[in-house]
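Colleague: The structure follows.
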Amino acid sequence: MTCSIDMRWRSIVLTYLYDIDLPVVTSVMGVSTWSISRWSLLFRRRGNVIPNTRITPETHWPPECIRASRRP
Numbered sequence: 083m084t085c086s087i088d089m090r091w092r093s094i095v096l097t098y099l100y101d102i103d104l105p106v107v108t109s110v111m112g113v114s115t116w117s118i119s120r121w122s123l124l125f126r127r128r129g130n131v132i133p134n135t136r137i138t139p140e141t142h143w144p145p146e147c148i149r150a151s152r153r154p
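With our numbering applied, the sequence shown corresponds to residues 83 to 154, in that order.
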């Protein structure tokens, strides 16, 4: 069964942001512990709960400034 993106985000918010125990979230949301753990990992690695999608931070700095700041 595939869960909606909304359900994924709600599970992440409850566990990651509000620090609610995983067993409580699984019983309330009706999703397996494994699924929430997987979504958490996706969120921590990519900043998103949708597979194969990254959230790129937007910046208002010119590209020259960004390149200059990355030099050692």
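Every residue, glycine too, gets a C-beta built ideally from N, C-alpha and C.
Should I118 go down as buried or exposed, given a rule of 16 or more other Cβ atoms within 10 Å for buried?
Modeller: The residue you call residue 118 lines up with position 36 of the sequence shown. Flag for I118 reads buried.
Colleague: Taking the CB atoms as reference points, tell me whether I148 and W121 lie closer together than 8 Å.
Modeller: Taking the first residue of the sequence shown as 1, we reach residue 148 at position 66. Taking the first residue of the sequence shown as 1, we reach residue 121 at position 39. In this structure, W121 does not lie closer than 8 Å to I148 by Cβ.
Colleague: Can you list the beta strand (DSSP E) stretches of 3 or more residues lying completely in the region 106 to 131, in chain order?
Modeller: Runs found: none.
Colleague: Name the two residues that bound the continuous alpha helix (DSSP H) containing I148.
Modeller: Here the question's residue 148 lines up with position 66 in the sequence shown. Looking at the DSSP string, the run of the alpha helix (DSSP H) that includes I148 is P145 to R152.
Colleague: Can you say whether T135 is buried or exposed, counting buried as having 16 or more other CB atoms within 10 angstroms of its CB?
Modeller: Indexing the sequence shown from 1 puts residue 135 at position 53. That one is exposed.
Colleague: Could you check which residue in S151, R92 and R126 has the C-alpha nearest to that of G112?
Modeller: For this step, residue 112 is matched to residue 30 along the sequence shown. Per the Cα distances, R92.
Colleague: With distances taken Cα to Cα, identify the nearest neighbour of Y98 among S109, L124 and C85.
Modeller: Position 16 of the sequence shown holds residue 98. Considering only alpha carbons, the answer is L124.
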